[in-house]
Amino acid sequence: MANAEREERPERPVESDGTAHLFRALGKQIKVLRERAGMSQRELGIATHCGEDLISAMERGVRTPQPDFLDRADDVLGAGGVLKAAMGEAREALAKARTRHPGWFRGFARVEADSVALHEYSNQAIPGLLQTEEYARAVFTKRRPLLDEQTLEKRVADRMARQQIFERWPAPTLSFVLEEVVLQRSLGGRVVHIGQLHQLRRIGQMRTVELQVMPTRLDEHPSMDGPFTLLTPRGRSEVAYTEIQGHARLITDPEEVRLFSERYGIMRAQALTPRESLMLIEKMLGEL
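In this text, residue positions in the sequence shown follow my numbering: the first is 5, and each later residue adds one.
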């Protein structure tokens with residue numbers, strides 16, 4: 005992401021609206037209820053359509069629980085309405101969190117957070133929604149002009165907060181097409197690279213996500229103009245988003261959006277299937 009504007013102090017994902025203490029306390033309640041029910045974090049994750057890492061992050065108070073999660077967890081843990089009572093506060097905190105991004109990115113962030121479908125093509129780096137914290141920090145650390153430490157940490161935290169889209173239920177339709185070279189580029193070094201490939205494998209195995217790799221060996225390509233994202237906001241028509249060399253653009257013209265959609269469809273047909281893509285990632289992990 006680009007833009008060198010000065011930002012506020014770095015914030016954890018739940019701190020932007022002053023509710024950090026509330027969600028730390030809520031996280032502790034979730035942990036107590038889980039342990040009382042005799043469930044592991046993994047078991048609770050499976051029962052509520054979440055990952056084990058996410059359950060851990062919520063219990064530590066560093067991720068805001070989605071209202072849908074609180075609704076499901078209350079039933080699974082037999083909380084008797086204790087967790088459901090916090091759904092309103094969680095919804096409000098998530099809405100306020102969308103204003104934490106830089107001004108030039110907020111329009112896209114609002115649309116992304118409410119979308120029922122998201123399709124992203126990337127040819128330079130792993131998309132922000134798929135990045136590990138370490139990978140994201142490596143990306144922001146080396147960008148030019150250099151970011152100060154406060155801005156850098158805030159950008160990382162904000163990027164991680166966007167990944168709550170994977171926790172929504174009903175889940176949006178999510179697909180990603182990544183150029184093979186993106187998977188080969190070891191930003192941040194070998195350890196970060198391995199961690200990022202593991203992250204791609206984990207997300208690619210989610211039943212709500214379709215992840216495909218575009219092989220470098222192909223001798224034709226329908227979209228050499230750069231990365232883009234297609235979004236379908238709830239109750240509205242599909243839009244496209246591009247962000248190249250510091251210039252962000254949210255595209256709503258139906259004919260222009262249709263062209264992006266057409267290119268994306270052709271790329272999905274040319275790319276490896278999701279199963280083949282996961283096999284390639286496994287092969288790359290075995291070689292590192």
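Glycine included, each C-beta is placed from N, C-alpha and C at the ideal position.
Problem set entry | C-beta contact flag for E116 and I169 at 8 Å | What you label residue 116 is simply residue 112 of the sequence shown in a count that begins at 1. What you label residue 169 is simply residue 165 of the sequence shown in a count that begins at 1. Yes, Cβ-Cβ distance for E116 and I169 is below 8 Å.
Exercise. Which residue spans inside the region 29-55 form an unbroken alpha helix (DSSP H) run of at least 4?
Worked result: 45-51
Exercise. Mind checking P231: buried by the 16 CB within 10 Å criterion, or exposed?
Worked result: Looking up residue 231 in the sequence shown gives position 227. Buried.
Exercise. What are the start and end residues of the alpha helix (DSSP H) that includes R221?
Worked result: Your numbering for residue 221 matches position 217 in the sequence shown. R221 -> no alpha helix (DSSP H), and no H or E assigned at all.
For this session: Using the DSSP secondary-structure output, state which residues sit across from H251 in a beta bridge.
Result: As a first step, residue 251 is located in the sequence shown; it is residue number 247 there, counting from the start. Answer by DSSP bridge pairing, in chain order: I248.
Exercise. Nearest-angstrom Cα distance between A83 and L37?
Worked result: Residue numbering aside, residue 83 sits at position 79 when the sequence shown is read from its first letter. Residue numbering aside, residue 37 sits at position 33 when the sequence shown is read from its first letter. Straight-line Cα distance between these residues: approximately 7 Å.
Exercise. What separation, rounded to the nearest whole angstrom, lies between the Cα atoms of A252 and T246?
Worked result: Numbered from its first residue, the sequence shown carries residue 252 at position 248. Numbered from its first residue, the sequence shown carries residue 246 at position 242. Looking at the two C-alpha atoms, the distance is approximately 6 Å.
Exercise. Per DSSP, which one or two residues make a beta bridge with H202?
Worked result: Numbered from its first residue, the sequence shown carries residue 202 at position 198. DSSP output for H202 lists no bridge partner at all.
For this session: Determine the burial state of P149: buried for a count of at least 16 other Cβ atoms within 10 Å of its Cβ, exposed for fewer.
Result: Here residue 149 is taken as the residue at index 145 of the sequence shown, counted from 1. Looking at its Cβ environment, which holds fewer than 16 other Cβ atoms inside 10 Å, P149 is exposed.
For this session: Work out the CA separation of K158 and A113 for me, nearest whole Å.
Result: Numbered from its first residue, the sequence shown carries residue 113 at position 109. Numbered from its first residue, the sequence shown carries residue 158 at position 154. Distance between the alpha carbons of A113 and K158 is about 15 Å.
For this session: Take V120 and list the residues in its own chain whose beta-carbon comes closer than 8 Å to its own, dropping the five residues that flank it on each side.
Result: In the sequence shown, residue 120 corresponds to position 116, counting from 1. Once the five neighbours on either side are set aside, the close Cβ partners of V120 are P176, T177, T236, P237 and R238.
Exercise. Starting from E184 and walking both ways along the beta strand (DSSP E), at which residues does that stretch end?
Worked result: On the sequence shown, residue 184 is found 180 positions in, with the first residue counted as 1. Run containing E184: none in the beta strand (DSSP E); it sits in the alpha helix (DSSP H), E184 to Q188.
Exercise. Are V294 and E138 close, meaning C-beta to C-beta below 8 Å?
Worked result: This structure cannot speak to residue 294, because the chain is shown only from 5 to 292.
Exercise. Can you list the beta strand (DSSP E) stretches of 3 or more residues lying completely in the region 126-196, in chain order?
Worked result: 177-183
Exercise. Taking DSSP as the reference, what is the three-state secondary structure of E242?
Worked result: Residue numbering aside, residue 242 sits at position 238 when the sequence shown is read from its first letter. If DSSP states are grouped into helix, strand and coil, E242 belongs with coil.
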